[in-house]
Amino acid sequence: MRRPLNPDEFFRYSDMIFSAFADSSLGLISIDREMRCLRANNAAKRLLWPDATMSTESCPLLPDEMQVLRPEVKALFEQQKKHHQCHLKLISAHGDLELNLEFAPLLDAQGAVIAVTAVMLDVTPMMVRELELKKFSNAVENSGSAVLITDARGDIEYANGRFSDITGYNREEISGRNPSFLRSEHTHDTVYQELWRTVLGGRKWRGMLQNKRKNGSIYWALQSISPIHDSNGRIVNIVSVSEDITHLKEHQQQMEQLAFFDPLTNLGNRRNFKQELERVLKAPPKGVSALLLMDLDHFKQINDTLGHDAGDILLQTVASRLKFCTDKSSQVFRLGGDEFTLMLQGYDSVADIERQTQEILELQAQPIRIGPQELMVTVSIGVAIIHVDGQSVSHLLRNADLAMYHSKQKGRNQYALFRQEMNHKARQALVMENNLRQALQQDQFYLVYQPQLDANNGHIRKLEALIRWHHPEEGMIAPDKFIGKAEESGMIIPIGKWVLQEACRAAKRIQDLGLPPLKVAVNLSTRQLDSDLLLETITQALDDAGLQPRWLELEITEGALMKNIEHANKILIELKRMGISLAIDDFGTGYSSLSYLQKMPFDLLKIDRSFLHQVPDNKDNMTITSTIIVMARQLGLEVVAEGVETPAQLQFLQESGCQQVQGFLFEAPKKLDVLLASYRDCQHYCQICYHSRYCELPLRNNRLNLSSPCCS
Ligand SMILES: [Mg+2]
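Note that my numbering has the sequence shown beginning at -9, numbered continuously upward.
What follows is the structure, encoded as structure tokens:
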């Protein structure tokens, strides 16, 4: 049992206690029943009365906030309790103060309480820190980013809620484990190696990882991993903060897909192609690599005939065939429309490239079924050898294009390797195009006309307009030297327009001169027939000349017709509806069947001049010609034979029932004024001598008259 202190002892001990606490950071006070301070050490004075200078004699009241403790102090004085602990917040001008207080009674020798002491600890900094920690912890816990904290070995110490949301793992499952369970085979080992090298080297790592969730699905994480050091610089923790950016990545991939891939075929698009070819060009050559440029033969025709949906299915089929017949190191792109490119890489030789190209041609030529239709589609391919035929995308593409053009010239369903002389030809074509444009601007073209006669009575039935080119330096340039080039370059469109205008004016001029009207026949090219502006051009030419459509005849070669027969038929029906008469030109060269042509609105058929060669010696030609005449007449078509040069040919044609003839036997093509000078006097040719002379006597009958006096 403790012995009570006498007053002297009490004050001595009290002095000893206060002197022991004089320089302590703990505050110490003794208080009386009235909550007045009896003694206070320096720390207590600083805490409770920071403004006042205080002596023990002054017995100040404790601050207001402590007055709430009065009942507790009273209870201690009355020895109802032996001690009391509390936490108080004091507010002062110097800032808020948080104190932990512990009260105990001081007893005198008789065991009566003579004072209560309070030890106070300033916990303000601790509380501030705790609050901050709490805030931080809340922030981490509720963060939108996944936070994972491991110890230095990498074992998980903490994971926030977001981490669980993203990965599907709850905290208990992963606590103490190594986070390697998140790894997926989608992220390369080298990325992890680099990550650990950086973090263990004391630096922060930032990057993207493809991680695996608990359910096995893969997600993209944008991750930042930092080491935490202790005061000695040792790594004590590793903190990973990550965000699930899968949605963003998918969106980005979609955007990339749109930017770099053709949505119809899923092949790389032009931009993708360019990028890939640039990459190949920069890399050191590996074996023989080639750029193949390919397009579908007559694709426009298929699109026009079967519709765009069928065209799309066709393109998809072609694309999947291309993917099928190329190996892993090769790439296929769709540049647009029906234009595809392939990059064949790492072949042993050009011959191997050619073999592969031939395989592609053969596979593409297999029939394609679209609904009830079975289509035969062929392709043309131009091949340029990468690094050899060009060092840039544009150069290679241009050369592959030239080669493709040549393969088309060879007759389609073919391939051609680029050769340097193709460039030369291309340059020549460019020069020719310029010359043609200049010729049109400088009126170097003019028209000549060749009459077509009634085979039986020599009457002039119409004039065929033929273009001629007189070049100021090179003189006359034959039509076969420039018509084909004009067709290839597209210059045939403006030239053809000019011919139509000029010919319509000529027909009108004959009428205006008071002469018996004559039809004028104008030749139409394939390009013109394909042109959307053809009907407008013809209407305009007729209107400008003031000519009725029935005085215009249009000649379309069998070849031009066969290139796009459905489209041509639509145009022809419209022309026919306008009242223009229509002739199939050069018939017999284009392998079309008469019965097929019968369905088209033609009025005339012009037998190709080649069938009159060596007539009457070539019996085959004679048989073909007479068969064509008979069949055409049965189909209600009038027949014209061109290239008639000898009386024997004429006689044969008359006997076979050919209704009209045209050729040098009667007249070479001449300028309109020259022809009209004779036509004014006589509108038919002599049936005996034929040669460019007009009969001076009226015709006696409608048959070949061997005794006509004009030849006597
Ligand atoms: Mg013709």
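C-beta: ideal position from N, C-alpha, C; glycine also.
Report all residues from its chain with a CB closer than 6 Å to the CB of residue i; omit the five preceding and five following residues, and keep chain order.
| i | result |
| --- | --- |
| Pro606 | Ala638 and Phe642 |
| Ala390 | Leu281, Leu283, Gly372 and Ala374 |
| Val369 | Met284, Leu286 and Gln354 |
| Ala309 | Thr255 and Leu257 |
Using a 10 Å radius around the Cβ and a threshold of 16 neighbouring Cβ atoms, would you call residue i buried or exposed?
| i | result |
| --- | --- |
| Pro706 | An answer regarding residue 706 cannot be provided, because it is not within the stretch -9 to 702 covered by the chain. |
| Asn31 | buried |
| Lys498 | buried |
| Ala393 | buried |
| Met481 | buried |
| Leu464 | Correcting the residue type first, residue 464 is Glu in the shown sequence and not Leu. So Glu464 ends up on the exposed side. |
| Pro169 | buried |
| Leu420 | exposed |
| Arg269 | exposed |
| Tyr669 | buried |
| Phe126 | exposed |
| His704 | Any property of residue 704 remains undetermined from this structure, which presents the chain solely from -9 to 702. |
| Gly17 | buried |
| His396 | buried |
| Trp195 | buried |
| Ser382 | exposed |
| Gln767 | This structure gives no information on residue 767, because the portion of the chain shown stretches from -9 to 702. |
| His681 | With a pLDDT of 44 at His681, under the threshold of 50, the predicted position of this residue should be treated as unreliable, though the coordinate-derived value follows. Exposed: under 16 other Cβ atoms inside 10 Å. |
| Val245 | This sequence places Met at residue 245; Val is not what is there. Its Cβ having fewer than 16 others within 10 Å, Met245 is exposed. |
So, residue i versus residue j, is the Cβ gap smaller than 8 Å?
| i | j | result |
| --- | --- | --- |
| Ala108 | Ile7 | no |
| Ile225 | Pro217 | yes |
| Thr527 | Lys487 | yes |
| Gln501 | His460 | no |
| Leu78 | Glu55 | yes |
| Leu595 | Phe577 | yes |
| Val106 | Leu66 | yes |
| Phe323 | Gly258 | yes |
| Val58 | Met25 | no |
| Glu545 | Ala511 | yes |
| Leu80 | Leu91 | no |
| Ile358 | Val367 | yes |
| Ala531 | Gln491 | yes |
| Gln440 | Pro659 | yes |
| Gln291 | Glu556 | yes |
Measuring from the CB of residue i, is there a heavy atom of ligand 3 at a distance below 7 Å?
| i | result |
| --- | --- |
| Asp598 | What this structure holds is ligand 1, not ligand 3. |
Any idea which residues DSSP pairs residue i with across the strands?
| i | result |
| --- | --- |
| Ser571 | Glu543 |
| Arg23 | Its beta-bridge partners do not exist; DSSP assigns none. |
| Trp459 | Phe435 and Ile467 |
| Ile450 | Leu443 |
| Asn227 | Asp141 and Ile218 |
| Asp201 | First, the amino acid is wrong: residue 201 is Asn here, not Asp. Its beta-bridge partners are Arg173 and Tyr209. |
| Tyr395 | In DSSP, Tyr395 forms no bridge with anything. |
| Thr107 | Ser20 and Ala94 |
Using DSSP with H/G/I as helix, E/B as strand and the rest coil, what is residue i?
| i | result |
| --- | --- |
| Val68 | A small fix is needed here, since residue 68 is Glu in this sequence, not Val. Of the three classes helix, strand and coil, the one that applies to Glu68 here is coil, per DSSP. |
| Phe592 | coil |
| Leu562 | helix |
| Gln381 | coil |
| Val340 | helix |
| Asn90 | strand |
| Lys400 | coil |
| Met366 | coil |
| Asn31 | coil |
| Asp5 | helix |
| Ala10 | helix |
| Met481 | coil |
| Val634 | coil |
| Leu627 | coil |
| Leu655 | coil |
| Ser668 | helix |
| Ser697 | Only weak support is given to the placement of Ser697: the predicted model assigns it a pLDDT of 36, under 50, and the value that follows is read from those uncertain coordinates. Note: Ser697 maps to coil in three-state DSSP. |
| Ser127 | helix |
| Asn413 | helix |
| Ala102 | coil |
Report all residues from its chain with a CB closer than 7 Å to the CB of residue i; omit the five preceding and five following residues, and keep chain order.
| i | result |
| --- | --- |
| Phe153 | Ala136, Val137 and Leu138 |
| Ser174 | Gln200, Asn201, Lys202 and Ile208 |
| Ala249 | Arg261 |
Suppose the cutoff is 8 Å on Cβ atoms and the five residues either side in sequence are ignored; what does the same chain contact list for residue i look like?
| i | result |
| --- | --- |
| Gly569 | Gln538, Pro539 and Arg540 |
| Ile618 | Phe577, Gly578, Leu584, Leu595, Ile597, Phe601 and Val629 |
| Arg2 | none |
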